[in-house]
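Scroll down for the structure; my scribbles are underneath it.
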């Protein structure tokens, strides 16, 4: 009788697996980031919404926390796709927030690929995985992976590269063949949109949250946020750029950080206020 029970349990597990339930559980690698050896690559399109500036400040905030201050990360600006509209210059903010630990793909795309390729290969050689938070489109990711495939043909890209995207619009403004390439060659994870609260990821689009300065005591973090706000206000809706209503109304929008939270296993973080209460100093 016991043997029959064991067989039935085994058959049930197989049934769940082939019907997709077990696979559904495994698809989401949320929280699997290894802080000791993996690389967090955060890529900002900065075109044409100014929300990336707020996201950069929020990223600097979370990386200032002792739990995440030592993780291996790199930021890239100018990773846009086929969308129209003017660029939002982030250079001063990126320098203040990340020092030299960022790459400018807007200024020189090919050199940016070369620079990030070196960082990525070092991580791969040290048995680390690459986690890409797409705060924009996937064109840069596609170009980067093609170089890695040529340089390191023995690396299983589908297991070592985890690409996290939260935005339908970002997908639609990626070169179609490049998006398909990334989806087919990596562990591509489409997560719920970070502009909404209560959908399974943090919601960081809030027109009403305006008392952020009172939450920050660290002088450097305060300077980063002040520059992010000043720069975003300067370019928001200007010269045909997208007008972000939440930011125009004096609120905040760092919705792309939902991807970073997903990668670091912080999906239970609720909203903007909770973020500042937990991570601002």
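Numbering (the working numbering), first residue to last: 117 to 397. Backbone N, C-alpha and C fix where the C-beta goes; we use that ideal spot for every residue, glycine too. All values reported here derive from a predicted model rather than from experimental measurement.
- Item | Selected residue, minimal CA-CA separation from residue 350, among 338, 314, 340 and 364 | Residue 350 has its Cα closest to that of 364, out of 338, 314, 340 and 364.
- Item | Counted within 10 angstroms of its Cβ, other Cβ atoms place residue 259 as buried (16 or more) or exposed | Residue environment: residue 259 is assigned as buried (16 or more neighbouring CB atoms within 10 Å of its CB, all protein chains considered).
- Query: Touch check for the region 334 to 346 and the region 308 to 324: three-plus C-beta pairs under 8 Å?
  - Reply: No, the region 334 to 346 is not in contact with the region 308 to 324.
- Message: Less than 8 Å between the beta carbons of residue 204 and residue 230, yes or no?
- Response: Taking a C-beta distance under 8 Å as the contact criterion, residue 204 and residue 230 do not qualify as a contact pair.
- DSSP on residue 319, reduced to helix/strand/coil? For residue 319, the three-state secondary structure derived from DSSP is strand.
- Query: Which one of 202, 304 and 168 has the shortest CA to CA distance from residue 357?
  - Reply: From the listed residues 202, 304 and 168, the smallest Cα separation to residue 357 is found for 202.
- Item | Collapsed DSSP secondary structure at residue 359 in the structure displayed | Residue 359: coil per DSSP, three-state reduction.
- Quick one: grab the DSSP three-state call for residue 140. Its pLDDT being 33, under 50, residue 140 is placed unreliably by the model, and nothing is read from it.
- Complete runs of the alpha helix (DSSP H) confined to the region 224 to 275 [at least 4 residues]: Complete alpha helix (DSSP H) runs here, min 4: 225 to 241 and 255 to 267.
- Query: Is the region 323 to 332 touching the region 361 to 378, taking contact as three or more C-beta pairs under 8 Å?
  - Reply: Between the region 323 to 332 and the region 361 to 378 there are three or more inter-stretch CB-CB distances shorter than 8 Å, so the stretches are counted as touching.
- Which of the three DSSP states, helix, strand or coil, is assigned to residue 199? In this structure, residue 199 counts as coil in the three-state DSSP scheme.
- Query: Do you know offhand how far residue 236's Cα is from residue 308's?
  - Reply: When rounded, the distance between both Cα atoms is 27 Å.
- Query: Is the Cβ-Cβ distance between residue 171 and residue 370 less than 8 Å?
  - Reply: In this structure, residue 370 lies closer than 8 Å to residue 171 by Cβ.
- Task: Take the Cβ of residue 124 as the centre, count every other Cβ of all protein chains shown within 10 Å, and call the residue buried at 16 or more, exposed below.
- Result: Note that residue 124 has pLDDT 45, beneath the 50 cutoff, so the model's placement of it is unreliable and the number below is only indicative. Of the other Cβ atoms in all chains shown, fewer than 16 fall within 10 Å of the Cβ of residue 124; this residue is therefore exposed.
- For residue 284 and chain C, any beta-carbon pair shorter than 8 Å? Protein chain content of the structure displayed is limited to a single chain, and chain C is not contained in it.
- Hey, which unbroken runs of the beta strand (DSSP E) at 3 residues or more fall wholly within the region 148 to 226? Counting only runs that start and end inside the region 148 to 226, the beta strand (DSSP E) elements of at least 3 residues fall at 155 to 160, 188 to 193 and 218 to 220.
- Message: With a threshold of 8 Å, are at least 3 pairs of Cβ atoms found where one atom belongs to the region 240 to 257 and the other to the region 152 to 160?
- Response: Under the three-pair Cβ rule at 8 Å, the region 240 to 257 counts as touching the region 152 to 160.
- Message: With distance defined between alpha-carbon atoms, name the residue in 331, 263, 328 and 386 nearest to residue 301.
- Response: The residue with the shortest Cα to Cα distance from residue 301 is 263.
- So what does DSSP say about residue 279, is it helix, strand or coil? DSSP places residue 279 in the strand class (E or B) of the three-state scheme.
- Query: Is residue 139 buried or exposed, if buried means 16 or more other CB atoms sit within 10 Å of its CB?
  - Reply: Note that residue 139 has pLDDT 32, beneath the 50 cutoff, so the model's placement of it is unreliable and no number is given.
- Beta-bridge partners of residue 382, as assigned by DSSP: Per DSSP, none; premise fails for residue 382.
- Query: Just to confirm, are residue 484 and residue 332 a CB contact at a threshold of 8 Å?
  - Reply: In this structure the chain extends from 117 to 397, so residue 484 is not present and cannot be described.
- Residues of its chain near residue 377, where Cβ-Cβ distance is below 6 Å and the 5 sequence neighbours each way are ignored: Apart from sequence neighbours up to five positions away, the residues of its chain that approach residue 377 with a beta-carbon distance below 6 Å are 318 and 385, ordered along the chain.
- Task: Check whether the Cβ atoms of residue 298 and residue 280 sit closer than 8 Å, and answer yes or no.
- Result: Between residue 298 and residue 280, the gap from beta carbon to beta carbon reaches 8 Å or more.
- Task: Pull up the distance between the alpha-carbon of residue 137 and that of residue 161, whole angstroms please.
- Result: Here the model assigns residue 137 a pLDDT of 35, short of 50, so the residue's position is not dependable, and the following value carries that caveat. Our two residues, residue 137 and residue 161, have alpha carbons roughly 35 Å apart in a direct line.
- Message: Can you look up residue 284 in the DSSP assignment and give me helix, strand or coil?
- Response: The answer is helix: DSSP assigns residue 284 an H, G or I state.
- Query: Would the beta-carbon of residue 208 fall within 8 Å of that of residue 360?
  - Reply: Not in contact: residue 208 and residue 360 (Cβ atoms no closer than 8 Å).
- Message: Can you look up residue 331 in the DSSP assignment and give me helix, strand or coil?
- Response: Residue 331 falls in the helix class under three-state DSSP.
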